[in-house]
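S.K.: Sharing a structure with you now.
2 protein chains.
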Amino acid sequence: MNFTDKLLAASEKNKSLLCVGLDPDPVHMPLSDVLEFNKVIVDATKDLVCAYKPNLAFYEALGIPGLVTLQRTIEYIPDSIPIIGDAKRGDVGHSAEAYARALFSVFNFDAITVSPYLGFDSLEPFISYNAKGIFILCRTSNLSSSDFQDLRIDGFPLYIVVAARAKEWNVHGNVGLVVGATYPKELEKVRSMCPSMHLLIPGVGAQGGDLASAIDYGVGIGGGKPIIAVSRQILYASRDADFAEAARSTAKKIRDQINLYLVDSGGVTSD
Amino acid sequence: MNFTDKLLAASEKNKSLLCVGLDPDPVHMPLSDVLEFNKVIVDATKDLVCAYKPNLAFYEALGIPGLVTLQRTIEYIPDSIPIIGDAKRGDVGHSAEAYARALFSVFNFDAITVSPYLGFDSLEPFISYNAKGIFILCRTSNLSSSDFQDLRIDGFPLYIVVAARAKEWNVHGNVGLVVGATYPKELEKVRSMCPSMHLLIPGVGAQGGDLASAIDYGVGIGGGKPIIAVSRQILYASRDADFAEAARSTAKKIRDQINLYLVDSGGVTSD
């Protein structure tokens with residue numbers, strides 16, 4: 000099943016636009032075994048999410064055993080739930096092809112994130128996997144995103160130019176964008192340009208983005224979904240023995256809150 | 000020893016500004032064992048280079064065994080030769096810190112490449128390792144690099160804005176830039192702005208960049224070195240049993256050619 004169909008099916012079944020970020024950090028984890036931790040989190044949340052999103056950085060930081068854990072985590076997640084590899088890759092020709100093979104064929108991600116700085120020929124090797132999803136970084140959730148993404152080109156900020164090009168490149172319908180919830184006005188602009196593209200929206204929770212506006216501005220009248228990515232707030236809801244229950248209850252609260260805002264936004268009903 | 004000192008020492012000892020890209024591609028390799036192939040290439044070229052540069056994409060594409068091979072390759076390279084991890088990473092806060100740990104502490108690279116799209120706080124976790132080298136993508140060697148890198152901001156192309164910011168961020172003297180040999184005029188502009196920063200210059204060889212202008216424009220009057228990265232032209236100089244000799248002879252030819260152009264450029268002598 001292609002990424003979009005899998006995403007919509009999981010979203011429908013679990014009545015959810017919540018994507019749980021599986022970013023295990025030994026400093027914060029209540030368990031020392033990362034695979035065990037991930038399995039507990041997946042078991043506690045798998046009926047509440049539309050996707051999981053492991054960020055590769057946290058696995059690479061644990062070396063080869065971390066990458067083995069990433070593979071096993073991917074295998075453990077039920078087939079019905081799409082997995083977005085948060086990789087933010089971007090490289091030239093042959094190297095981009097090698098990254099696409101690594102992420103789609105070796106790690107078997109259903110979708111990935113990529114960085115646009117190198118331009119179309121660095122993204123085309125990913126986009127050409129037309130059953131996979133490609134989320135291009137557009138307006139990221141961090142404070143310094145303004146350093147380059149806000150620079151004006153003929154009156155338009157760079158992130159808007161990136162969104163416009165991404166829309167052109169979306170010939171297979173598998174391209175989405177990453178826009179941080181920390182920048183609601185920018186999210187609104189991107190969404191109005193790209194009403195049918197799915198938006199991966201981090202920045203709610205630990206980073207301080209507002210969930211209500213993320214939903215209000217993130218819903219696309221052309222069917223584009225706002226995929227709300229939350230990591231630390233759920234993973235480390237408790238650092239005690241009750242962490243699974245705390246993760247579940249936090250995930251459920253956010254999922255339900257998203258659905259309430261969806262009803263409020265008028266664009267979508269919650270069932 | 001910090002990256003810059005190690006680079007200059009290796010460059011001096013081997014009279015070389017050649018960096019061999021260790022990008023093993025099973026389709027082109029004359030041996031089936033990647034580690035064996037890398038060892039043969041390193042043995043054949045280690046007195047001819049100033050650095051090695053494995054691109055992580057090619058190892059990730061081979062899965063966990065590929066990443067084990069990357070680690071063993073890094074261990075195999077003589078300590079006196081710096082290793083640049085061509086990773087092109089770029090992520091927010093905690094994830095950037097995790098990537099920096101992965102690349103510098105787990106894989107033990109002496110330097111790495113990073114992508115600037117997310118701005119300063121995505122690069123600061125790398126730059127703060129002040130004994131390590133950080134090469135920020137500026138004007139990349141690929142055709143589509145113009146998609147975004149050439150866009151004009153107040154009359155200046157984005158890659159120039161990136162170079163200007165990188166120069167500001169170079170408070171520890173460990174920041175360099177990646178500029179493709181395929182864009183000699185752009186290289187000249189970046190070099191004139193940043194005379195003391197080291198430039199990692201891919202694009203000579205298989206990608207068609209001109210070596211003479213890469214050296215002529217790449218030499219910095221403030222001591223910044225042009226590091227000429229060549230991969231396929233050396234690795235696959237022959238696909239027969241004589242591939243080690245062919246790699247050595249091609250590497251030697253390019254190293255010597257670089258040194259001749261250095262004399263011609265008048266900026267540096269070859270001994």
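Protein sequence lines, in the order shown, are assigned to chains A and B.
For the first sequence, numbering that gives the first Met the number 0 gives the first residue as 0, with consecutive numbering after it.
For the second sequence, numbering that gives the first Met the number 0 gives the first residue as 0, with consecutive numbering after it.
Cβ coordinates follow ideal geometry from the N, Cα and C atoms, glycine included.
Since this is a predicted model, take the numbers as computed values, not measurements.
1) Any chance you could list the alpha helix (DSSP H) runs of at least 4 consecutive residues sitting entirely within the region 194-252 of chain A, in chain order?
2) Quick one: which chain B residues come within Cβ less than 7 Å of residue 121 (chain A)?
3) Within a Cβ cutoff of 7 Å, which residues of the same chain sit near residue 150 (chain B), ignoring the five residues on either side of it in sequence?
4) Terminal residues of the continuous beta strand (DSSP E) containing residue 135 (chain B)?
5) Considering only the alpha carbon of each residue, which of A:77, A:232, A:139, A:71 lies closest to residue 87 (chain A)?
6) Measure the CB-CB distance between residue 38 (chain B) and residue 83 (chain B) and report whether it falls below 9 Å.
7) Please decide whether residue 75 (chain A) counts as near chain B, where near means a Cβ-Cβ distance under 9 Å.
8) I want to verify the contact list: residues of chain B whose CB lies under 9 Å from the CB of residue 109 (chain A), in sequence order.
9) Whose CA, out of B:104, B:7, B:0, lies closest to the CA of residue 223 (chain B)?
10) Determine the burial state of residue 254 (chain A): buried for a count of at least 16 other Cβ atoms within 10 Å of its Cβ, exposed for fewer.
11) Determine the extent of the beta strand (DSSP E) in which residue 71 (chain B) is found, giving its start and end residues.
12) Residues in the same chain with beta-carbon distance under 8 Å from residue 76 (chain A), minus the five sequence neighbours each way, listed in chain order, please.
13) Taking contact to mean at least 3 C-beta pairs separated by less than 8 Å, is the region 62-81 of chain A in contact with the region 8-27 of chain B?
14) How should residue 85 (chain B) be labelled, buried or exposed, when 16 other C-beta atoms within 10 angstroms of its C-beta is the threshold for buried?
15) Could you name the residues of chain A that residue 101 (chain B) contacts, counting a contact when the two beta carbons are closer than 7 Å?
16) Hey, is residue 87 (chain B)'s beta-carbon within less than 9 Å of any beta-carbon in chain A?
17) Determine, for residue 97 (chain A), whether the minimum Cβ-Cβ distance to residues of chain B falls below 9 Å.
18) Taking 9 Å as the cut-off, decide whether the C-beta atoms of residue 89 (chain B) and residue 127 (chain B) are in contact.
19) Measure the Cβ-Cβ separation of residue 109 (chain A) and residue 132 (chain A) and say whether it is below 9 Å.
20) Would you give the residue range spanned by the beta strand (DSSP E) that residue 53 (chain A) belongs to?
21) Quick check on DSSP: helix, strand or coil for residue 288 (chain B)?
22) Buried or exposed, going by whether 16 or more other CB atoms sit within 10 Å of the CB of residue 183 (chain A)?
23) Check the Cβ-Cβ distances between residue 148 (chain B) and every residue of chain A, and say whether any is below 9 Å.
24) Taking residue 17 (chain A) as part of the beta strand (DSSP E), name the residues at either end of that continuous run.
25) In chain A, which residues lie less than 7 Å from residue 271 (chain B) when you measure between Cβ atoms?
26) What beta strand (DSSP E) runs, 3 residues minimum, are completely inside the region 76-151 of chain B?
27) For the alpha helix (DSSP H) that residue 176 (chain B) lies in, which residues bound it at each end?
28) Any beta carbon from chain B within less than 9 Å of residue 133 (chain A)'s own beta carbon?
29) Please report whether the beta-carbon of residue 208 (chain B) lies at a distance below 9 Å from any beta-carbon of chain A.
30) My output table needs one value for residue 47 (chain B): the three-state DSSP class, helix, strand or coil.
31) If you reduce the DSSP assignment to three classes, tell me which class residue 274 (chain A) lands in.
32) When the cut-off is 9 Å and only beta carbons count, does residue 93 (chain B) lie next to chain A?
33) Would you report the Cα separation of residue 270 (chain A) and residue 10 (chain A), rounded to the nearest angstrom?
34) For chain A, is any of its Cβ atoms less than 9 Å away from the one on residue 70 (chain B)?
35) Consider the Cβ of residue 268 (chain A): report whether some Cβ of chain B lies at a distance smaller than 9 Å.
M.R.: In brief:
1) 210-217, 231-234
2) 141, 143
3) 156, 157
4) 132-138
5) A:139
6) no
7) no
8) Neighbours of residue 109 (chain A) on chain B: none; closest Cβ ~17 Å, over 9 Å.
9) B:7
10) buried
11) That residue, residue 71 (chain B), is in no beta strand (DSSP E); its alpha helix (DSSP H) goes 62-75.
12) 41, 45, 51, 82
13) no
14) buried
15) 56, 59, 60
16) yes
17) yes
18) no
19) yes
20) 50-53
21) Chain B is shown from 0 up to 270; residue 288 (chain B) falls before or after that span and cannot be answered.
22) buried
23) yes
24) 17-21
25) Residue 271 (chain B) lies beyond the range of chain B shown here (0 to 270); nothing can be said about it.
26) 83-88, 110-113, 132-138
27) Unbroken run through residue 176 (chain B) is the beta strand (DSSP E), 174-178; no alpha helix (DSSP H).
28) no
29) no
30) coil
31) In this structure chain A extends from 0 to 270, so residue 274 (chain A) is not present and cannot be described.
32) yes
33) Caution applies to residue 270 (chain A), whose pLDDT of 42 falls short of 50 and renders its modelled position unreliable; the model cannot decide the point.
34) yes
35) Because the pLDDT at residue 268 (chain A) is just 47, under 50, the model does not fix this residue reliably, and the value given afterwards should be weighed accordingly. With 9 Å as the cut-off, residue 268 (chain A) does not count as an interface residue toward chain B.
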